[in-house]
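*Asks:* Residue numbers (the working numbering), protein chains in the order written: chain A, 1 to 219; chain B, 220 to 349. Using N, Cα and C, we set each Cβ at its ideal position, and we do this for glycine too.
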Amino acid sequence: MSSTDSFVTIADPYRLGHRGPNLARGHGGGGPASIRVIVGYGFWLFLLSDIIIFACLFATYAVLAPNTSGGPGARQIFDLDRVAWETACLLASSFFCGLATIAVAKRSQMLTQAALLITGLLGLAFILLEVSEFTALYRQGYGPTRSAFLTGFFTLVGCHGVHVTAGLLWLGTTMAQFFAKGFRPDIGRRFLCFSMFWHFLDVVWVAIFSLVYLVGTRL
Amino acid sequence: MTTDTHADHLEYEEDDKGGSSDEHSAHLMTYVLGLALATLLTVASFWVAKTDLIYDPGIPMALATLAVAQMGIHLVFFLHLTTAPDNTNNILALAFGLLIVGLVIFGSVWIMAHLNHNMMPMPQLMQMQR
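#1: Among the residues of its own chain, which have a CB less than 6 Å from the CB of A/Lys181, if the five just before and after it don't count?
#2: Does the distance from the CB of B/Met248 to the CB of A/Val203 come in under 8 Å?
#3: What first and last residue would you give for the alpha helix (DSSP H) that runs through A/Gly123?
#4: In or out: A/Met196 buried (at least 16 other Cβ within 10 Å) or exposed?
#5: Given this structure, state the Cα-to-Cα distance separating A/Ala176 from A/Phe43, to the nearest angstrom.
#6: Just to confirm before moving on: does the CB-CB distance between A/Leu192 and A/Arg36 stay below 8 Å?
#7: Within its chain, find whatever has a CB closer than 7 Å to the CB of A/Ile118; leave out the 5 residues flanking it on each side and keep chain order.
#8: For a cutoff of 8 Å on Cβ pairs, would you count A/Asp79 as touching chain B?
#9: Expressed to the nearest angstrom, what Euclidean distance is found between the alpha-carbon atoms of A/Thr60 and A/Thr145?
#10: Under 9 Å between beta-carbons, which chain A residues line up against B/Val295? List them in chain order, please.
#11: So, does the CB of B/Ile264 fall closer than 8 Å to a CB anywhere in chain A?
#12: Can you tell me the Cα-Cα spacing of A/Ile53 and A/Leu122, whole angstroms?
#13: Checking contacts by CB at 8 Å: is B/Ile324 closer than that to chain A?
#14: Would you call the CB atoms of A/Gly120 and A/Leu171 closer than 8 Å?
#15: At which residues does the alpha helix (DSSP H) containing A/Val212 begin and terminate?
#16: Leaving out the 5 sequence neighbours to the left and right, which residues in its chain are closer than 8 Å to A/Leu156 when beta-carbon positions are compared?
#17: Give a yes or no on whether the minimum CB-CB distance between B/Ile278 and chain A is below 8 Å.
#18: What residues of chain A sit near B/Thr258, judged by a beta carbon separation below 8 Å?
#19: Thinking just about the alpha-carbon of each residue, which of B/Asp275, B/Thr284 and B/Leu252 is nearest to the one in A/Thr217?
#20: State the DSSP-derived secondary structure class of A/Gln76, mapped to helix, strand or coil.
#21: Please classify A/Phe46: is it buried, with 16 or more other beta-carbons within 10 angstroms of its beta-carbon, or exposed?
#22: Is the Cβ of B/Ser327 closer than 8 Å to any Cβ of chain A?
#23: If I'm right that A/Leu137 touches A/Ile77 with Cβ under 8 Å, what's the distance once you round it to whole angstroms?
#24: Just reading off the alpha helix (DSSP H) that B/Ile278 is part of, what are its end residues?
#25: Residues of chain B with CB under 9 Å from A/Thr217, in chain order?
#26: Taking only the alpha-carbon atoms, compute the straight-line gap between A/Gly98 and B/Pro340 and give it to the nearest angstrom.
#27: Can you check whether the C-beta of A/Val206 is within less than 8 Å of a C-beta belonging to chain B?
#28: What residues in the region 99-111 of chain A bring their beta carbon closer than 7 Å to a beta carbon of chain B?
#29: Less than 6 Å between C-beta atoms, sequence neighbours within five positions excluded: which residues of the same chain meet that for A/Ala125?
#30: Mind listing the chain A neighbours of B/Asp241? Cutoff is C-beta to C-beta under 9 Å, in chain order.
#31: Beta carbon of B/Ala255, beta carbon of B/Leu285: below 8 Å?
#32: Tell me the DSSP secondary structure of A/Pro66 in three-state form.
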């Protein structure tokens, strides 16, 4: 195939995805996208489906929130100081996860493990704060069975907490794999997925602390 | 860093190539800037929730706006969503996801509010069932 010939075939839709000159990879020319881009895209689709689950729970909470059934409302049970600490923990955790990404790019085992350890400890602090909030509510008799509002609240915030807990397990696995197997490309891709997951959980938390806690105390 | 196959070599061409220290400090600046902006918006949200200076019915909208802004900051600075060609697919998927999220949330709230409004008051309903 001559060079002019292949230049003509680029516009042919049946040739999309095949190699051609001077075009970005993954866009019909220059060959398929790299594994790293494809893995990142696939995990991005998973995160979007996860966000749709959270959207359903947000919608449920929004519908149920006014139905306190004679029990406490949002204003009585939300402690904004604790929420501020939880937010700070998760935001700092997300930041250190970003630093870990840089440490991985630098191929520094010590910096990677240190950044991931701080990421995990801040995530653990978040979970402990949330557990203390939930147990305090439960002890006061304001468990998820008290009213529709509390059912929606525990389901939404608890689902996020379960995600963070699962993320902590994944984080531990990632640290162990970096330690035992080094900076192999496949481990790097797993870490890419983990970091996306962790940042995504922070995005969901932004919606929770703003729309559940802060709006709740002003309604 | 040694890579043993061609595919591995390709993927390390992307953004994960061990990199120069200039790139690393640029990445570091991205995260620091993201952290600073996110902190600013978080503080603003908590301030809005506690202040008496804002017209009360406007507060939920103000908080929603700040939340959307902060989510945007997270997407750009932490999840590295850009308008570059290699991000087109991610942006399109995100747009579709947001469409579904919007339909689910606004649709549910809208329909349930109307149902609630149109439903017979509970005592009358109970009476009819006798």
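*Replies:* Quick answer:
#1: One-based indexing of the first sequence puts residue 181 of chain A at position 181. Counting only Cβ-Cβ distances below 6 Å, and skipping sequence neighbours, we find Ile187.
#2: Taking the first residue of the second sequence as position 1, residue 248 of chain B is located at position 29. Taking the first residue of the first sequence as position 1, residue 203 of chain A is located at position 203. Not in contact: B/Met248 and A/Val203 (Cβ atoms no closer than 8 Å).
#3: Counting from one through the first sequence, the residue named residue 123 of chain A turns up at place 123. Where A/Gly123 is concerned, the enclosing alpha helix (DSSP H) stretches over Gln109 to Arg139.
#4: Counting from 1 along the first sequence, the entry for residue 196 of chain A is found at position 196. Classification of A/Met196: buried, given that the 10 Å Cβ count is 16 or more.
#5: Position 176 of the first sequence, counted from the first residue, corresponds to residue 176 of chain A. Position 43 of the first sequence, counted from the first residue, corresponds to residue 43 of chain A. Roughly 21 Å separates the two Cα atoms.
#6: Position 192 of the first sequence, counting from 1, holds the residue named residue 192 of chain A. Position 36 of the first sequence, counting from 1, holds the residue named residue 36 of chain A. Yes, Cβ-Cβ distance for A/Leu192 and A/Arg36 is below 8 Å.
#7: In the first sequence, counting from the first residue as 1, residue 118 of chain A sits at position 118. Cβ neighbours of A/Ile118 beyond the five flanking positions: Phe96.
#8: As a first step, residue 79 of chain A is located in the first sequence; it is residue number 79 there, counting from the start. False, the Cβ-Cβ gap to chain B never drops below 8 Å.
#9: For the purposes of this step, residue 60 of chain A is taken as the residue at position 60 of the first sequence. For the purposes of this step, residue 145 of chain A is taken as the residue at position 145 of the first sequence. Looking at the two C-alpha atoms, the distance is approximately 15 Å.
#10: On the second sequence, residue 295 of chain B is found 76 positions in, with the first residue counted as 1. Correct list: empty, because the minimum Cβ distance to chain A is about 11 Å.
#11: Taking the second sequence and counting its residues from 1, the one referred to as residue 264 of chain B is at position 45. For the sequence presented, residue 264 of chain B should be read as Ser rather than Ile. Cβ-Cβ to chain A under 8 Å: yes for B/Ser264.
#12: Position 53 of the first sequence, counted from the first residue, corresponds to residue 53 of chain A. Position 122 of the first sequence, counted from the first residue, corresponds to residue 122 of chain A. A/Ile53 and A/Leu122: Cα-Cα distance of roughly 25 Å.
#13: To locate residue 324 of chain B, count along the second sequence from 1; it is residue 105. Yes, contact with chain A.
#14: Within the first sequence, numbered from 1, the residue matching residue 120 of chain A stands at position 120. Within the first sequence, numbered from 1, the residue matching residue 171 of chain A stands at position 171. Result yes, Cβ atoms of A/Gly120 and A/Leu171 sit closer than 8 Å.
#15: If you number the first sequence from 1, residue 212 of chain A lands on position 212. Counting along the chain, A/Val212 falls outside any alpha helix (DSSP H), and DSSP gives it neither H nor E.
#16: Stepping through the first sequence from its first residue, residue 156 of chain A is reached at position 156. So the list reads Phe54, Leu57, Phe58, Thr60, Tyr61, Ile208 and Val212, once near-sequence residues are dropped.
#17: Walking along the second sequence from the start, residue 278 of chain B turns up at place 59. Cβ-Cβ to chain A under 8 Å: yes for B/Ile278.
#18: In the second sequence, residue 258 of chain B corresponds to position 39, counting from 1. Per Cβ cutoff of 8 Å: Leu91.
#19: In the first sequence, counting from the first residue as 1, residue 217 of chain A sits at position 217. Measuring from the Cα of A/Thr217, the nearest candidate turns out to be B/Asp275.
#20: By one-based count along the first sequence, residue 76 of chain A stands at place 76. Here A/Gln76 sits in helix by DSSP.
#21: Your numbering for residue 46 of chain A matches position 46 in the first sequence. Exposed, since its Cβ has fewer than 16 Cβ neighbours within 10 Å.
#22: Start at 1 with the first residue of the second sequence, and residue 327 of chain B comes out as number 108. It does; some Cβ of chain A falls within 8 Å.
#23: The residue you call residue 137 of chain A lines up with position 137 of the first sequence. The residue you call residue 77 of chain A lines up with position 77 of the first sequence. Yes, they are in contact, since the Cβ atoms of A/Leu137 and A/Ile77 sit about 6 Å apart, within 8 Å.
#24: Along the second sequence, one-based indexing puts residue 278 of chain B at 59. Segment Ile278 to Ile292, the alpha helix (DSSP H) holding B/Ile278.
#25: For the purposes of this step, residue 217 of chain A is taken as residue 217 along the first sequence, with counting starting at 1. What A/Thr217 touches in chain B: Ala268 and Lys269.
#26: Counted from its first residue, the first sequence places residue 98 of chain A at position 98. Counted from its first residue, the second sequence places residue 340 of chain B at position 121. Cα to Cα, the separation comes out at about 53 Å.
#27: Start at 1 with the first residue of the first sequence, and residue 206 of chain A comes out as number 206. At least one chain B Cβ lies under 8 Å of A/Val206.
#28: Leu99, Ile102, Ala105, Lys106 and Arg107
#29: Sequence index remark: in the first sequence, residue 125 of chain A carries index 125 (1-based). Here the set comprises Cys89.
#30: Stepping through the second sequence from its first residue, residue 241 of chain B is reached at position 22. Residues of chain A passing the Cβ test: none, with the nearest at roughly 12 Å.
#31: For the purposes of this step, residue 255 of chain B is identified with residue 36 of the second sequence, where counting begins at 1. For the purposes of this step, residue 285 of chain B is identified with residue 66 of the second sequence, where counting begins at 1. Contact flag unset, no.
#32: To locate residue 66 of chain A, count along the first sequence from 1; it is residue 66. The answer is coil: DSSP assigns A/Pro66 none of H, G, I, E or B.
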